[in-house]
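Undergrad: Numbering (the UniProt record's numbering), first residue to last: 1 to 320.
Just so you know, even glycine gets a beta-carbon here, dropped at the ideal spot from N, CA and C.
1. Who pairs with residue 171 in a beta bridge, going by DSSP?
2. Tell me where the beta strand (DSSP E) around residue 71 begins and ends.
3. Look up residue 166 in the DSSP assignment and give the residues it is bridged to.
4. Does the Cβ of residue 283 have 16 or more other Cβ atoms within 10 Å, making it buried, or fewer, making it exposed?
5. Inspect the beta-carbon positions of residue 246 and residue 219 and report whether they are closer than 9 angstroms.
6. Let me check one thing: in DSSP terms, what residues is residue 184 bridge-paired to?
7. Measuring CA to CA, which of 291, 172, 46 is closest to residue 252?
8. So, are the CB atoms of residue 163 and residue 43 less than 9 angstroms apart?
9. Straight-line CA distance for residue 110 to residue 66?
10. Among the candidates 300, 186, 204, whose CA atom is the shortest distance from the CA of residue 31?
11. Contact check, residue 75 vs residue 48 under 8 angstroms by CB: the rounded distance?
12. Enumerate in chain order the residues of its own chain whose CB-to-CB distance from residue 308 is below 8 angstroms, with the five nearest sequence positions on each side excluded.
13. Just to confirm before moving on: does the CB-CB distance between residue 225 and residue 35 stay below 9 angstroms?
14. Extract the residue ranges of the alpha helix (DSSP H) inside the stretch 261 to 317, only unbroken runs of 4 or more that lie entirely within it.
15. Hey, how far is the Cα of residue 146 from the Cα of residue 214?
16. Looking at the structure shown, is residue 99 part of a helix, part of a strand, or coil, going by DSSP?
17. So residue 227 packs on residue 197, CB below 8 angstroms; how close in whole Å?
18. Can you give the Cα-Cα distance for residue 41 and residue 170, rounded to whole angstroms?
19. What does the Cβ neighbour count give for residue 93, buried or exposed, with the cut at 16 atoms within 10 Å?
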């Protein structure tokens with residue numbers, strides 16, 4: 001396994017798409033966001049990070065699951081993976097052995113001292129082994145709350161395992177990092193996102209063109225959650241989803257707009273080019289940050305002399 005994926009110290013899960021076929025019209029799951037409707041149920045359903053999944057499965061088989069620290073960008077399967085782990089360990093009654101907290105909602109130290117401590121101290125009748133506490137977006141916790149969490153982890157290790165989930169591991173205090181086995185969830189590869197999207201498209205009878213699919217893959221940047229949310233929004237708004245509908249729905253600048261902006265930067269003086277950017281921004285309702293990001297990505301795809309590349313990047317910096 002690559003060192004960048006797992007570090008020892010001390011993989012949007014999606015339901016099988018076949019489950020969505022042949023349902024009654026009034027099935028409640030039809031009203032669910034697709035992110036939840038197609039969330040993986042088992043570890044086998046997780047579309048990526050097979051090395052991470054394999055390591056965790058070995059921990060479970062040997063009944064030696066450590067405290068876990070999952071980190072990486074949004075939409076890469078961190079929460080879905082640990083929920084699949086809970087189902088694997090506890091079965092259908094997994095919710096009785098599980099406490100989920102979102103640290104971005106409750107950042108104070110009281111959460112650590114009350115909710116977590118109370119759950120950790122309470123034993124479930126007729127149950128064996130340990131409970132599982134999932135703390136999502138833990139990088140939003142204050143240092144004081146994290147310090148309190150570290151003491152709780154130490155106190156209840158015998159009957160509780162913690163899974164700490166965050167986007168930025170550097171915002172987790174070293175005392176917690178050293179008590180966990182760390183797994184890095186990198187952005188999903190385009191082929192993995194495309195494969196799952198194809199299954200959802202077939203299950204939901206989505207009418208989408210090939211250029212629409214490619215635009216969706218490009219904008220999602222390995223974020224399965226974003227890809228599914230955009231696909232569902234476009235499906236609700238349009239009968240046929242093409243590249244234009246994807247960019248219109250997300251509010252991102254269309255590639256043709258980016259190309260026009262870069263051409264203006266290369267062909268005209270600063271004032272004229274700046275007016276072109278301002279006009280695009282006003283007419284399309286685009287955010288300047290999105291225009292600059294799009295221009296940067298576009299420049300990366302062009303073969304330009306170093307001097308021209310430096311000039312254009314300097315222009316973008318001046319515009320921003």
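TA: Taking the definition as stated:
1. BP columns for residue 171 are empty, so no partner.
2. Segment 68 to 71, the beta strand (DSSP E) holding residue 71.
3. According to DSSP, residue 166 bridges with 71.
4. Exposed, because fewer than 16 other Cβ atoms sit within 10 Å of the Cβ of residue 283.
5. Cβ atoms of residue 246 and residue 219: closer than 9 angstroms.
6. 71.
7. Minimum Cα distance to residue 252 is reached at 291.
8. Taking the C-beta atoms as reference points, residue 43 is found no nearer than 9 angstroms to residue 163.
9. The alpha-carbon atoms of residue 110 and residue 66 are separated by roughly 25 angstroms.
10. Of the listed residues, the one whose Cα sits closest to residue 31 is 204.
11. With a Cβ gap of about 11 angstroms, residue 75 and residue 48 do not count as contacting.
12. Closer than 8 angstroms at the Cβ level, and outside the excluded window around residue 308, lie 266.
13. In this structure, residue 225 places its C-beta atom within 9 angstroms of the C-beta atom of residue 35.
14. The DSSP assignment places complete alpha helix (DSSP H) segments of no fewer than 4 residues inside the stretch 261 to 317 at 270 to 284, 288 to 301, in order along the chain.
15. For residue 146 and residue 214, the gap between their C-alpha atoms comes out near 41 angstroms.
16. Strand, per DSSP.
17. Rounded, the Cβ-Cβ distance is 6 angstroms, consistent with contact.
18. About 30 angstroms.
19. Around the Cβ of residue 93, a 10 Å sphere holds fewer than 16 other Cβ atoms; the residue is exposed.
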